[in-house]
Amino acid sequence: MAEEKMQFQAEVGKVLDIVVNALYSNTDIFLRELVSNASDACDKLRYAAIMHPDMTKEGGEFKIDITPDKDARTLTIADNGIGMNREDLIKDLGSIGKSGSAEFLNNLTGDKQKDATIIGQFGVGFYSAFMVAEKVEVRSRKAGETQGWIWTSEGHGSFAVDEADDVPRGTSVKLYLKPDCAHYAEAGDVRQIVRQFSDHISFPVVMHYLGETENINRAAAIWTRNKADVTEKEYGDFYRSLTGAFDAPWDVLHYRAEGTIEYDALLFVPSRTPYDIFQPDRNAKLNLYVNRVFITDKAELLPNYMRFVQGVIDTKELPLNVSREMLQNTPVLAKIKTGIVRRILGELKKKSEDKENYLKFIDAFGTVLKEGLIEDASNREDIADLCRFHSTAGEEMTTLAEYVSRMKAGQKSIYYITGDDLNILRNNPQLEGYAARGLEVLLLSDPIDEFWPQNLTQYKEKTIKSVQAGAFDLANFPLIETADTEKASDDAMKALTAFAKEIVGDEVKEVRSTERLTKSPAALSAGDGEVSIHLERLMRQHNQPVLYASTHYFDLNPRHPLIRKLAEKVEQGDTSETNKMMIRILFDEAKIIEGEPIRDPAGFSRNVTDFMMRAVFGAPEDKA
Ligand code: ADP
Ligand code: MG
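Under this note's numbering, the first residue of the sequence shown is numbered -8, with each subsequent residue one higher.
Set out below in structure tokens:
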């Protein structure tokens, strides 16, 4: 068969372009990517050989050979793993299988240093070879097959595939280095980079240089080593090569479970939020090993709300040839899962004692953790203790236990309010009645906050209540702020609410006189026990049918001087245009404060301008 020239898939072209031209500053990572691919290839073959032992009959013990050649200015990374045949080469090295590349392109920040470090997370690691090489030759023969192949490319839009003779099992990647990357053909640099990025690789990495061979990694799976013998740096390097991330882990949890089920666990919590944490298919990234043989990264070993955890679980309790079906049903994994979850919760509790450091975790993953309040009924109280919330008590975040310790005598509920933005929430008029009575309210601004209170309805025998779904309990607590004790009469308020109802009645269920405001003249609220206005809006944004008919109330504050005066006038029969306009403006303002669209923005603007004209030039009535 003659050499065939082919075009890269369009997306690969784009990725290559960026890799080669933009991601220049941390070129070292290409070696991490190629060694990691070599290690993956050995892992894959070791796993495949469990069912088909013939596949490893020839080809020797698994290892990775690295050959720098200073004179030829080349660097070769070879493995005796699973290998690739013609189809594999075209598919795996000519296209991007996973939806990774679009994701990669979207996540580029423009900061070269940062961008180069995320490349490994997107399944485009192989192409990083073109950062340092002007030409790449891949020779490969698939385990169990006889024909070898050679794939070549200079990274400009096309590659070629041809038959090749005498190719050993596995894959060798030969880089013809760019002139300014010649140092990657030197033993010292190669040794140092491999140690930095790939020391933990569980296969020997052997360097061949000037006729000498040298083992340059430890080849001991780091999780099987004694915790006391592993340095922080080794953990960090392993974490980075496992995740493709560049940060240091926020936490490392390394333990051996003994007792009913035995396993080794090495778990990491990143310090930065991974780009895909809110993607629906994101799972905790735990690699499952059976007795050091990689089995899968798809066994769902952790509940969804712990998807910030990454790491390795290694157990001897499963057979090596465990099937996918078995992975889903075996009680062994179920027990391991329960065990890891408890361990992680315990670890987080311990870590939370260092308040400042714990807030970094909350900042990165607090939202995800709160999903556990919904998902994990058996650990709900423990998770609640690990969550942190903003509140009207101060700038610092609080625990529920701290909130409870600050509760007023006779207070039976924990109050909260939800909205899009913390700073806007702090000024929400719905809080006034609570503030005026010294009652603390949690300020919740994550979308998930609309949902978990339906599951965590109680904490330490205190019910959890939204202040937007009813002016709960306010009558039971005396006002501590007594600025405006004067109040419009009930009759005047009756007249005013009836008047207002005629003006905005088609947009609300009812107009009410309320106790929950103390400073603002008016506000919008949801009916008692109904879905909050914020949740309704979220549902609309996600094109979900709003289950409840609009049940908003327009609440007027009888203590506010403007409302008092207006009520008095209306009671006396003054239903002038000015009064109507004021109601309309108050209503539109209330909507704006809640983050709701107003029905007629131009009309609102006209009304406000009109009032400003009056403030400056006097009302037309006065002149007449
Ligand atoms: P990823 O490793 O995240 O899948 P890469 O760009 O590093 O992405 O590699 C793309 C694919 O090419 C791999 O998934 C694998 O199928 C194949 N591949 C790369 N290097 C090797 C190798 N040394 N041996 C076998 N297959 C390889
Ligand atoms: Mg890779």
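Each residue gets a CB set at the ideal place from its N, CA and C atoms; glycine is no exception.
Identify every residue that forms a DSSP beta bridge with residue i.
{"i": "A513", "result": "L547"}
{"i": "H174", "result": "Bridge partners of H174: none, in fact."}
{"i": "E527", "result": "None; E527 has no bridge partner."}
{"i": "K54", "result": "Bridge partners of K54: none, in fact."}
{"i": "S504", "result": "L547"}
{"i": "P240", "result": "P261"}
{"i": "A69", "result": "D56, S163"}
{"i": "H616", "result": "Since the displayed the chain opens at -8 and closes at 615, residue 616 lies outside it and no answer follows."}
{"i": "R132", "result": "G161"}
{"i": "Q(-2)", "result": "S149"}
{"i": "A39", "result": "A39 is not bridged to any residue."}
{"i": "K126", "result": "Y167"}
{"i": "G139", "result": "A155"}
Is it buried or exposed for residue i, if we count other Cβ within 10 angstroms and need 16 for buried?
{"i": "E506", "result": "buried"}
{"i": "D190", "result": "buried"}
{"i": "G410", "result": "buried"}
{"i": "L339", "result": "buried"}
{"i": "P261", "result": "buried"}
{"i": "T329", "result": "exposed"}
{"i": "F608", "result": "exposed"}
{"i": "S382", "result": "buried"}
{"i": "T600", "result": "exposed"}
{"i": "A610", "result": "exposed"}
{"i": "A540", "result": "Note that A540 scores 47 on pLDDT, short of 50, meaning its location in the model is unreliable; the coordinates nonetheless yield the value given after this. By the 10 Å Cβ count, A540 comes out exposed."}
{"i": "F(-1)", "result": "buried"}
{"i": "R550", "result": "buried"}
{"i": "G179", "result": "exposed"}
{"i": "K346", "result": "exposed"}
{"i": "D630", "result": "Here the chain comprises residues numbered -8 to 615, so residue 630 is not present and cannot be evaluated."}
{"i": "G424", "result": "buried"}
{"i": "S596", "result": "exposed"}
{"i": "E49", "result": "exposed"}
{"i": "D497", "result": "exposed"}
{"i": "A134", "result": "buried"}
{"i": "H147", "result": "exposed"}
{"i": "V11", "result": "buried"}
{"i": "M604", "result": "exposed"}
{"i": "I554", "result": "buried"}
{"i": "M46", "result": "buried"}
{"i": "T137", "result": "exposed"}
How close, in whole Å, do the beta carbons of residue i and residue j come, if the pair is a contact with beta carbons under 8 Å?
{"i": "S30", "j": "I268", "result": "So it is not a contact: roughly 26 Å between Cβ atoms."}
{"i": "I524", "j": "A517", "result": "5 Å"}
{"i": "P294", "j": "V323", "result": "P294 to V323, Cβ: 17 Å. No contact."}
{"i": "K453", "j": "S404", "result": "6 Å"}
{"i": "V127", "j": "V164", "result": "7 Å"}
{"i": "D56", "j": "H199", "result": "6 Å"}
{"i": "D546", "j": "R503", "result": "5 Å"}
{"i": "E291", "j": "N274", "result": "6 Å"}
{"i": "A422", "j": "I408", "result": "Note that residue 422 is Leu in the sequence shown, not Ala. Right, the Cβ-Cβ distance comes to about 6 Å (below 8 Å), so this counts as a contact."}
{"i": "Y230", "j": "L66", "result": "Not a contact, Cβ separation roughly 26 Å."}
{"i": "K61", "j": "E177", "result": "6 Å"}
{"i": "Y167", "j": "E125", "result": "6 Å"}
{"i": "M572", "j": "N548", "result": "Contact doesn't hold; Cβ gap of about 19 Å is too wide."}
{"i": "V281", "j": "F259", "result": "The pair is not a contact, with the Cβ atoms about 21 Å apart (cut-off 8 Å)."}
{"i": "E431", "j": "A384", "result": "5 Å"}
{"i": "A151", "j": "K(-4)", "result": "5 Å"}
Does any CB atom of chain D fall closer than 8 Å to the CB of residue i?
{"i": "S262", "result": "No chain D appears in this structure, which consists of one protein chain only."}
For residue i, verify whether its CB is less than 7 Å away from any heavy atom of the ligand ATP.
{"i": "G385", "result": "This structure lacks the ligand ATP; the ligands present are the ligand ADP and the ligand MG."}
Entirely enclosed beta strand (DSSP E) segments - the region 250 to 305, minimum 3 residues: Qualifying beta strand (DSSP E) stretches, in chain order: 254 to 261, 276 to 281, 284 to 287.
Whole runs of the alpha helix (DSSP H) within the region 339 to 397, excluding any shorter than 4 residues: You should have 346 to 366, 371 to 377, 391 to 396.
The region 232 to 240 / the region 211 to 221 touching (three or more Cβ pairs under 8 Å): The region 232 to 240 is not in contact with the region 211 to 221.
Cβ pair count under 8 Å reaching 3, the region 127 to 143 against the region 20 to 29: no
At least 3 beta-carbon pairs within less than 8 Å: the region -1 to 12 vs the region 160 to 176: Output reads no: the region 160 to 176 does not touch the region -1 to 12.
Inter-stretch contact at 8 Å, needing at least 3 Cβ pairs: the region 331 to 345 / the region 373 to 387: yes
Segment contact, 8 Å Cβ cut-off, at least three pairs: the region 156 to 163 with the region 74 to 82: yes
Unbroken stretches of the alpha helix (DSSP H), 4 residues or longer, contained in the region 145 to 225: 178 to 189
contact_flag[the region 296 to 310, the region 249 to 263] where n(CB pairs < 8 Å) is 3 or more: The count of Cβ pairs closer than 8 Å, one atom from the region 296 to 310 and one from the region 249 to 263, reaches three, so the stretches are in contact.
Stretch-stretch touch, CB-based, cutoff 8 Å, three pairs: the region 547 to 562 with the region 524 to 533: No, because fewer than three Cβ pairs between the region 547 to 562 and the region 524 to 533 fall closer than 8 Å, the two stretches do not touch.
Three CB pairs or more closer than 8 Å across the region 263 to 280 and the region 348 to 366: yes
Stretch-stretch touch, CB-based, cutoff 8 Å, three pairs: the region 559 to 574 with the region 485 to 498: yes
Alpha helix (DSSP H) segments (min. 4 residues) lying fully within the region 398 to 452: 413 to 417, 423 to 426
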